[in-house]
Every structure is written in C-alpha cells, then in structure tokens.
Amino acid sequence: MRGRKNRRLWSTPKSRRGFAVPLLTAFLMAAAFAAPFVADAAGLFNSRAATAVDPSDTLEPTIAGLIHGPLPICGSGQRITCIVDGDTGWLNGEKWRLAGTDTPEISSPECQSELTIGIQARDRLRVLMTAGYLFERNGTDRYGRTLVEIRLADGRDVGDVLESEGLSQAWPNTGNRWCGR
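See below:
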C-alpha cells in the first residue's frame, strides 16, 4: 500500500489531467502567431526599412569587384545600402545617382502613370542589381550625389537595360514623357 500512496503524490489528479498540455499549446501558438508582428514592429524584416539589417554586412565584393546581395528599398530611417527609386540609391552610406539616366519620380510624381512606372523601374533596378553589379564613379551632380554607371554581372549597363525596357529615358531631357508632357 505504501507504494501506491506515494504514486498518488506524484501523479496528477484526473480533474487536472490534460489541462497543462492544451494551455502550453495555446501559449506556444499565440507566441508563434505574434512573433512576426513583433519582429515587424521592431523593424527586423521590414523590406522598406533599410536600417532593419545593415545590407553592407551581406554584400560581398567578388574577386572581379562585383557586389552581390539583396538590396532593400530605402525607408525613412538612416540609409546605408538601399534603392530609393529607379535611378537613385545608397551604397555603404554614399548616395548615388545613375549618370545619364532619368526614371520616373516616386516621391513626387506628377501623374499616376509616372508613379506606376517609377515603382516598376525601382523594382527592376533592384532585381538587376541583386545578381551582381560593379559601380563606376563619375564625379558628383549639383546635389552632391555621386554619379555612377552600374555594370551588371553579365556586362550590360543598367541604364541601357532600363531604357530598352521603357523604364527610363536619357538625361538630360525636357518634359515628363510618363505624364505626356
């Protein structure tokens, strides 16, 4: 009898059996559900926030000088390495602009068409550069941005690619072709 009595001290009463497992399961499910929202609020994987993860940590120059790695879209915080629009971005804290290339404005478009094509140009530039690119610096513009030509891993000039796809035009130019002016 004595062994039986001790066993009762260590066992869970029938009325409480199974209570801990569902409670633990509910807690873990709630934590798993909330984790992405908490991480997003903390800026850990917000693709629009260039400061969430310092992309310069993931960009690796190769022997040929090509830089490989994902490029986030610039957010409103500190800009390290990111894409602003189809012809402007940041590389390791240095603001650059594509030389001889003009893409539609995203931040202050004159019409809906300019905004739509501007977003397409920005996203296309991001995709093209992710495969690998090489910066060739060519001075600065009147706003202090470094003028660059970007050579892709396959040897093409990124400005030429954007222009051939109808996402940019040569600079300097007059008017706003995306809004019919």
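Numbered according to the working numbering, the sequence shown spans residues 24 to 204. Where is the CB? At the ideal position from N, CA and C, for every residue including glycine.
{"Asked": "Buried versus exposed, by CB contacts within 10 Å (16 or more), A156", "Found": "Note that residue 156 is Tyr in the sequence shown, not Ala. Buried is the call here."}
{"Asked": "G98 beta carbon less than 8 angstroms from that of L148", "Found": "no"}
{"Asked": "Check whether W201 and P127 have beta carbons under 8 angstroms apart", "Found": "yes"}
{"Asked": "Status (buried if at least 16 other CB within 10 Å, exposed otherwise) for A72", "Found": "Its pLDDT being 38, under 50, A72 is placed unreliably in this model, and the value from its coordinates should be taken loosely. It is buried - the Cβ of A72 has at least 16 other Cβ atoms within 10 Å."}
{"Asked": "Local conformation of W201 per DSSP, three classes", "Found": "helix"}
{"Asked": "Integer Cβ distance of L170 from G162, believed to fall under 8 angstroms", "Found": "5 angstroms"}
{"Asked": "Beta-carbon proximity of L121 to V184, cut-off 8 angstroms", "Found": "no"}
{"Asked": "Spatial neighbours of N196 in its chain, beta-carbon cut-off 7 angstroms, leaving aside the 5 residues before and after", "Found": "D125"}
{"Asked": "Closest Cα partner of G167 within the set K118, Q101, I90", "Found": "K118"}
{"Asked": "Local Cβ density within 10 Å of E188, reported as buried at 16 or more and exposed below that", "Found": "exposed"}
{"Asked": "G198 versus M152: straight-line alpha-carbon distance, rounded", "Found": "28 angstroms"}
{"Asked": "Buried/exposed call for P93, threshold 16 Cβ in 10 Å", "Found": "exposed"}
{"Asked": "In chain order, each alpha helix (DSSP H) run of at least 4 residues that lies wholly inside the stretch 169 to 200", "Found": "181 to 187"}
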